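Report on one structure; see the data block that follows.
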Amino acid sequence: MDRTLFPVNDTHPVELAVQSMLGPNLEKLNRQLESLHESQATLIMRLQIMQADLDQFDKRCFGSGVASEQAQIVQRVTELKKRLRAVNKTLGVVAGRMQARVPAT
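With the numbering used here as the guide, the letters of the sequence shown map in order to residues -5 to 99.
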């Protein structure tokens, strides 16, 4: 028997029926998964860019001794606040004494 006259189909009829029923849905699902993969790749790229920007910002703000300089400035401002409060308290006492000595008109 010549095989060219009757080509052998390797696909079972049941398999063909299943493919015809599920084929469009599977193709749609495949397209959706590909779209999801592309979206994930885009999001990963955006996150990497944002991470790089944050790293640069961190280096600019807190790198190369800037943090220690900022800590010194904060400490100095705190000390100046304490001194200013003490001076204000002293001025309040002096103002009270001055009012006590000035006769009422």
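All residues carry an ideal CB built from backbone N, CA and C; glycine is no exception.
Just so it is clear, the structure is predicted and the values come from calculations on it, not from any experiment.
Measure the alpha-carbon distance for Met92 versus Leu85 and round it to whole angstroms.
For the purposes of this step, residue 92 is taken as the residue at position 98 of the sequence shown. For the purposes of this step, residue 85 is taken as the residue at position 91 of the sequence shown. So the two alpha carbons sit approximately 10 Å from each other.
Can you tell me the Cα-Cα spacing of Gln69 and Ala94, whole angstroms?
Stepping through the sequence shown from its first residue, residue 69 is reached at position 75. Stepping through the sequence shown from its first residue, residue 94 is reached at position 100. Their Cα atoms are separated by approximately 38 Å.
Per-residue DSSP class, three states only, for Thr5:
Stepping through the sequence shown from its first residue, residue 5 is reached at position 11. Looking at Thr5 - three-state DSSP - the assignment turns out to be coil, as it is neither helix nor strand.
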